[in-house]
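Quick note on numbering: the sequence shown equals residues 184 to 366 in my numbering. Where is the CB? At the ideal position from N, CA and C, for every residue including glycine.
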Amino acid sequence: MSKNVLIITGSPRRGGNSELMADAFIKGARAAGHEVNKFQSAVDLVDGCLACDTCWSKGKPCSFDDGFDTLAPMLEKADVLVLCGPLYWFTLSAQMKAALDKFYAYMRPQAPIKLKIKESMLLMCAEDTEAAAFDGPVATYKSIGNYLGLADRGILLIPGVYDKGDIHKTDALARAEKLGGAV
């Protein structure tokens with residue numbers, strides 16, 4: 184059965200290791216017959232949530248104009264949410280976090296549209312070589328999944344990559360493509 188997959192990337196470095204991993208995942212998902220949308224949170228910037236509680240007051244999730252205007256329609260169609268990015272100071276990048284914070288609009292009681300996402304995945308890479316370095320974003324990912332009632336479909340963590348292309352020295356791209364095909 185074909186699914187609508189939304190992958191949110193978080194790296195501001197074009198052509199970097201996490202972008203290559205996202206593209207490999209997308210290749211696998213599309214080969215398996217899924218529709219995939221990619222939102223680059225470091226390109227189509229989303230401002231941080233201001234907790235102004237004016238969500239939906241202008242007929243859209245956030246009353247402010249920013250990259251969330253592009254993300255929201257993708258989010259509303261998605262069956263599967265995939266987060267893919269680099270480890271930044273033991274957590275998600277600020278760009279990705281800003282996009283995730285605005286999911287708040289869909290959790291409000293007056294939200295006219297509820298998310299239909301049922302599954303999620305996490306793909307991350309880091310210069311750090313210690314597995315424990317990923318504990319923060321993995322805990323955040325799991326908490327988001329628990330809160331939204333999402334089934335975890337996989338976590339792919341790739342340590343020891345920093346310079347552009349380092350990921351080619353690992354089996355990460357093949358693993359990401361395989362994970363994409365298993366959505």
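Item: Separation of Gly-193 from Ala-277, as counted between CA atoms; Value: 8 Å
Item: Option in Ala-316, Ala-212, Leu-356, Met-184 with minimal Cα separation from Leu-275; Value: Ala-316
Item: Residue from Met-279, Leu-258, Tyr-345, Leu-283 whose Cα sits closest to the Cα of Lys-301; Value: Leu-258
Item: Residue closest to Gly-250, alpha-carbon to alpha-carbon, out of Lys-241, Leu-233, Ala-281; Value: Ala-281
Item: Boundaries of the alpha helix (DSSP H) in which Ile-327 is found, first to last residue; Value: 318-331
Item: Closest residue to Gly-337 among Arg-291, Tyr-324, Lys-260 (Cα-Cα distance); Value: Tyr-324
Item: Beta-carbon spacing of Ile-190, Cys-267 below 8 Å; Value: yes
Item: Leu-339 beta carbon less than 8 Å from that of Ala-309; Value: no
Item: DSSP beta-bridge partners of Pro-195; Value: Beta-bridge pairing links Pro-195 to no other residue.
Item: Beta-carbon contacts of Gly-231 that lie in its chain and below 7 Å, excluding the five residues immediately before and after; Value: Ala-281, Asp-284
Item: Where Gly-364 sits in the DSSP three-state scheme; Value: helix
Item: Local Cβ density within 10 Å of Ile-296, reported as buried at 16 or more and exposed below that; Value: exposed
Item: Gly-348, buried or exposed, once every other Cβ within 10 Å from all chains shown has been counted against 16; Value: exposed
Item: Residues near Gly-343 by beta carbon distance below 6 Å, same chain, minus five either side; Value: Thr-312
Item: Contact set for Gly-364: own chain, Cβ-Cβ below 7 Å, skip 5 residues either direction; Value: Gly-211, Ala-212, Ala-214, Ala-215
Item: Start-to-end residues for the alpha helix (DSSP H) that takes in Arg-291; Value: Looking at the DSSP string, Arg-291 is not in any alpha helix (DSSP H), and its letter there is neither H nor E.
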